[in-house]
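Number of protein chains: 2
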Amino acid sequence: MDKNTVREALLDHAQTLLMTRGYNGFSYRDLSELVGVKTSSIHYYFPTKEDLALEAVNAYSADVMSSIYAIDSSAPADKKLDRYTKLFARIIGGGDQICLCGMLAADIESLPEKVRHAVQSFYKANENWLAKVLAEGEAQDTLDAGGKPEAAARTLYAAFQGSLLACRLFQTRTRLEEVADAVRR
Amino acid sequence: MDKNTVREALLDHAQTLLMTRGYNGFSYRDLSELVGVKTSSIHYYFPTKEDLALEAVNAYSADVMSSIYAIDSSAPADKKLDRYTKLFARIIGGGDQICLCGMLAADIESLPEKVRHAVQSFYKANENWLAKVLAEGEAQDTLDAGGKPEAAARTLYAAFQGSLLACRLFQTRTRLEEVADAVRR
DNA sequence: GTCTATAAACGGATAGAC
DNA sequence: GTCTATCCGTTTATAGAC
């Protein structure tokens, strides 16, 4: 089989496992059974589990951020927030997943500095994007940041991450929409 | 040594380990070294790791909820929220901890139904308390729930939980205060 | 590249002496 | 109650054949 296909399958399933069970909650064996290769083959592509985690978070980050940047920049701010909320809803998947970076933020004490920095970058990128949308929404009188857009964006992003945890815990999706409603004017 | 002292020391350090590393991120060996007993002694008090997790979350929940219910009920709503925020700040400890129930919400796919229910109860209790404070704050014109207090309370609590994750990730405490500021009028 | 085989440490858990 | 000793499956990781 093509080298890149196996590598991408590993990276893809690793992301799912991280989003479902967390860094300490899955093993190379779990991943090997999902992909259909032996654990030694995983080590060929990703020498250590930390390497795998770092590449997984980078792939996830690139994927999610490209979806966010694909949101029509000429749309009204409240519509952009709608689209953003739908992206978050997709993360939940079958109902057993949370954001990979939210999960790694919980597991951060088990992870090397490189992964922490990658997760921090993802947080910053989301918060910066939200800050712009909030500022725009205030100008258009459709969103209510209620203070400095940067601080409001950090709180809003925390609420999105926290709501993913709660959505999975209570097996519902409504809590995610309530977050977006909270800043709607 | 007195039986209850060892049992309580185990329960206490188990809570710290859960808040720092998560359910899959610590072992009986880690706990035994912290408390100064052998792992077999831990099994004497807590036959399985799931038993330990369940008792730890119940002890944590009773402890935190008693602190919340100790908040002066005759104080103005915005002062109650201040006190509540300070309780959350204490959870961070030395800077490497998050809420035990927020952590177990992340680890929920590794845990039995009993633990899920205990975590759900903790969430509900916090959300109910916050809903009352928000309703009161709206009447006193000091807080801005911006809609139904119940929905606003769920979003606010998600923001608190999410902000703990972010506070630890970025090694700061300011993000927690920003959450309370977001609902202040 | 992928496999088999294996190392070496760690995981939760138990039996039985004291 | 706490210990030593041990079981046995799992974990990450490596060596080397194909």
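Going line by line, the protein sequences match chains W and X.
full-length UniProt numbering numbers the first residue of the first sequence as 1 and each following residue consecutively.
full-length UniProt numbering numbers the first residue of the second sequence as 1 and each following residue consecutively.
We treat Cβ as the ideally placed atom computed from N, Cα and C, and that holds for glycine.
All figures in this text were calculated on a predicted structure; none of them were measured in a lab.
- Message: By the three-class DSSP mapping on this structure, what secondary structure does leucine 111 of chain X have?
- Response: Of the three classes helix, strand and coil, the one that applies to leucine 111 of chain X here is coil, per DSSP.
- In this structure, does DSSP put arginine 184 of chain X in helix, strand or coil? Under the three-state reduction of DSSP, arginine 184 of chain X is assigned to strand.
- Residues that leucine 143 of chain W bridges to, as DSSP identifies them: Answer by DSSP bridge pairing, in chain order: W:Arg184.
- Task: Report, in whole angstroms, the separation of the C-beta atoms of leucine 164 of chain X and isoleucine 91 of chain X, which I expect to be a contact under 8 Å.
- Result: Taking the Cβ atoms as the reference, leucine 164 of chain X lies roughly 7 Å from isoleucine 91 of chain X, within the contact range of under 8 Å.
- Is it true that the CB of glutamate 8 of chain W sits closer than 8 Å to the CB of threonine 85 of chain W? Taking 8 Å as the cut-off, the beta carbon of threonine 85 of chain W is found no closer than this to the beta carbon of glutamate 8 of chain W.
- Task: With a 10 Å radius around its C-beta and 16 neighbouring C-beta atoms as the bar for buried, classify proline 149 of chain X as buried or exposed.
- Result: With 16 or more other Cβ atoms within 10 Å, it is buried.
- Message: To the nearest angstrom, how far is the alpha carbon of residue 186 of chain W from that of cysteine 101 of chain W?
- Response: The requested residue 186 of chain W does not occur in the structure, where chain W is confined to residues 1 to 185.
- Length of the line joining the Cα atoms of glycine 146 of chain X and valine 64 of chain X: Roughly 27 Å between the two C-alpha positions.
- Query: Roughly how many angstroms separate the alpha carbons of phenylalanine 26 of chain X and glutamine 171 of chain W, rounded to a whole number?
  - Reply: Between phenylalanine 26 of chain X and glutamine 171 of chain W, the C-alpha separation is close to 27 Å.
- Message: I want to see whether chain X comes within less than 8 Å of valine 119 of chain W, judged by CB atoms only; does it?
- Response: Against chain X, the CB of valine 119 of chain W has a partner CB under 8 Å away; the residue lies at that interface.
- What does tyrosine 123 of chain W touch in chain X if you count any residue whose Cβ is under 8 Å from its own? Correct list: Ala166, Leu169 and Phe170.
- What three-state label does DSSP hand glycine 93 of chain W in the structure shown? Correct three-state label for glycine 93 of chain W: coil.
- Query: Can you tell me where the alpha helix (DSSP H) with isoleucine 71 of chain W in it begins and where it stops?
  - Reply: Neither: isoleucine 71 of chain W is in no alpha helix (DSSP H) and is coded neither H nor E.
- Query: Comparing alpha-carbon positions, which option in X:Arg173, X:Gly22 and X:Asn4 lies nearest asparagine 111 of chain W?
  - Reply: According to the sequence displayed, residue 111 of chain W carries leucine and not asparagine. Considering only alpha carbons, the answer is X:Gly22.
- As assigned by DSSP and simplified to three states, the class of serine 121 of chain X: When secondary structure is reduced to three states using DSSP, serine 121 of chain X falls in the helix class.
- Task: Please state if the CB of threonine 16 of chain W and the CB of valine 179 of chain X are separated by a distance shorter than 8 Å.
- Result: Contact flag unset, no.
- Task: Give, in chain order, every unbroken run of the alpha helix (DSSP H) that is at least 4 residues long and sits entirely within the UniProt domain "HTH tetR-type" (4-64) of chain W.
- Result: Segments of the alpha helix (DSSP H) lying fully in the UniProt domain "HTH tetR-type" (4-64) of chain W: 28-35 and 39-45.
- Within 7 Å of chain W by C-beta, residues of the stretch 13-40 of chain X in sequence order: Within the stretch 13-40 of chain X, the qualifying residues are Thr20, Arg21, Gly22, Asn24 and Gly25.
- Item | First through last residue of the alpha helix (DSSP H) which encompasses cysteine 101 of chain X | Note, cysteine 101 of chain X: alpha helix (DSSP H), 100-106.
- Message: Since methionine 19 of chain X and isoleucine 98 of chain X should fall inside the 8 Å C-beta cutoff, what is the C-beta to C-beta distance between them, to a whole number of angstroms?
- Response: Their Cβ separation, rounded to whole angstroms, is 6 Å, which keeps methionine 19 of chain X and isoleucine 98 of chain X in contact under 8 Å.
- Query: Going along the stretch 65-97 of chain X in order, which residues come within less than 8 Å of chain W, judged by CB to CB distance?
  - Reply: Listed by position along the chain: Asp96.
- Message: Please state whether the Cβ-Cβ distance between alanine 158 of chain X and alanine 106 of chain W is less than 8 Å.
- Response: No, the Cβ-Cβ distance between alanine 158 of chain X and alanine 106 of chain W is not below 8 Å.
- Message: Looking at the secondary structure, which residues open and close the alpha helix (DSSP H) in which arginine 154 of chain W lies?
- Response: According to the DSSP assignment, arginine 154 of chain W belongs to the alpha helix (DSSP H) that extends over 149-170.
- Hey, aspartate 141 of chain W and arginine 175 of chain W: beta-carbon distance below 8 Å or not? No, the pair does not count as a contact, with Cβ atoms beyond the cut-off.
- Item | Test: aspartate 181 of chain W CB closer than 8 Å to a CB of chain X | Closer than 8 Å: yes.
- Query: Between the Cα of glycine 137 of chain X and the Cα atoms of X:Tyr69, X:Ala75 and X:Met103, which residue gives the shortest distance?
  - Reply: Taking only the C-alpha atoms, the option nearest glycine 137 of chain X is X:Ala75.
- Which whole-angstrom value describes the C-beta separation of leucine 10 of chain W and valine 35 of chain W, a residue pair presumed to lie in contact below a C-beta threshold of 8 Å? Taking a contact as a CB-CB distance under 8 Å, the pair leucine 10 of chain W and valine 35 of chain W counts as one, their CB atoms being some 6 Å apart.
- Task: In angstroms with no decimal places, state the Cα-to-Cα distance between leucine 134 of chain W and alanine 151 of chain X.
- Result: Roughly 20 Å separates the two Cα atoms.
- Message: For the stretch 151-166 of chain W, list every residue whose C-beta sits within 9 Å of some C-beta in chain X, in sequence order.
- Response: In summary, the residues of the stretch 151-166 of chain W whose CB is separated from some CB of chain X by less than 9 Å are Ala151, Ala152, Arg154, Thr155, Leu156, Tyr157, Ala158, Ala159, Phe160, Gln161, Gly162, Ser163, Leu164, Leu165 and Ala166, in the order they occur in the chain.
- Alpha carbon of alanine 125 of chain W to alpha carbon of alanine 153 of chain W, nearest angstrom: So the alpha carbons of these two residues sit roughly 11 Å apart.
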